[in-house]
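Numbering (our numbering), first residue to last: 96 to 334.
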């Protein structure tokens, strides 16, 4: 199974069940050690299912968190993996890096992607991944797509300040996904930036316009948690 320096593509056709999860590992050194243990564990075993398109592992800039991003054709494919392969692989990783805290797994569906310049994105690897975990009042969850559309419209209008944004991929939390989640009140934006410096400059530039205030004041929107990540590992099947 190859490990590729390329990033997962959130807009990959045929991915019906993107899953995101996080682990708490404690230190930057343990972030790296856990990623190495994951790679050794997965490389030492067959690819678990042809319907797993790719698997990425990322380190957060807090020095503690690992994010896992797996792209499955269907949710049922993940549940089959969970039943037959997941625990054995986690046990192997835990032997190498004891004390990992697994904080939860959520299933999403991709609602829409905003890619300002597809040709540039095709040849430029992201230097920074930023996730924006937006939360809504349950009664306003049905308006999540409207909020995303408002964000995309604002990004388009404010394009000059976001010229280093390669892509923003908006996912909606799936409701009642068995043991994964029980509410559909979240939007998860996986944003690809050319660099951390470019992201900082964009955030400083767009703090004032009224259009962004409209995003923040959207009815039922409760705020968001923003996390910066760098890719440590990207695995995909043979072929």
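C-beta: ideal position from N, C-alpha, C; glycine also.
Cut-off 6 Å between Cβ atoms - residues of its own chain near residue i, not counting five sequence neighbours on either side
i	result
residue 293	259
residue 105	264 and 285
residue 289	222 and 259
residue 150	165 and 330
residue 297	256 and 257
residue 246	310
residue 184	136
residue 325	154
Coarse secondary structure for residue i, derived from DSSP in three states
i	result
residue 118	strand
residue 242	helix
residue 195	coil
residue 180	helix
residue 211	coil
residue 113	strand
residue 125	helix
residue 219	coil
residue 155	strand
residue 232	coil
residue 237	helix
residue 108	coil
Rounded straight-line distance, which links the Cα of residue j to that of residue i
i	j	result
residue 329	residue 306	36 Å
residue 118	residue 187	15 Å
residue 141	residue 251	43 Å
residue 315	residue 242	10 Å
residue 285	residue 266	8 Å
residue 195	residue 319	25 Å
residue 216	residue 102	11 Å
residue 212	residue 175	38 Å
residue 287	residue 193	32 Å
residue 300	residue 237	31 Å
residue 281	residue 134	30 Å
Residues of its chain near residue i, where Cβ-Cβ distance is below 7 Å and the 5 sequence neighbours each way are ignored
i	result
residue 156	323
residue 206	240, 243, 265, 266 and 267
residue 198	117, 118 and 119
residue 317	230, 231 and 232
residue 189	195
Residue(s) in a DSSP beta bridge with residue i
i	result
residue 142	In DSSP, residue 142 forms no bridge with anything.
residue 147	167
residue 322	226
residue 161	118 and 154
residue 203	268
Beta-carbon proximity list for residue i, same chain, < 8 Å, skipping 5 on both sides
i	result
residue 113	105, 164, 165, 166, 167, 202, 203, 204, 205 and 266
residue 169	111, 112 and 146
residue 224	102, 153, 285, 286, 287, 288, 323, 324, 325 and 326
Segments of 3+ residues assigned as beta strand (DSSP E) that fall wholly inside the region 252 to 319:
Complete beta strand (DSSP E) runs here, min 3: 260 to 268 and 281 to 288.
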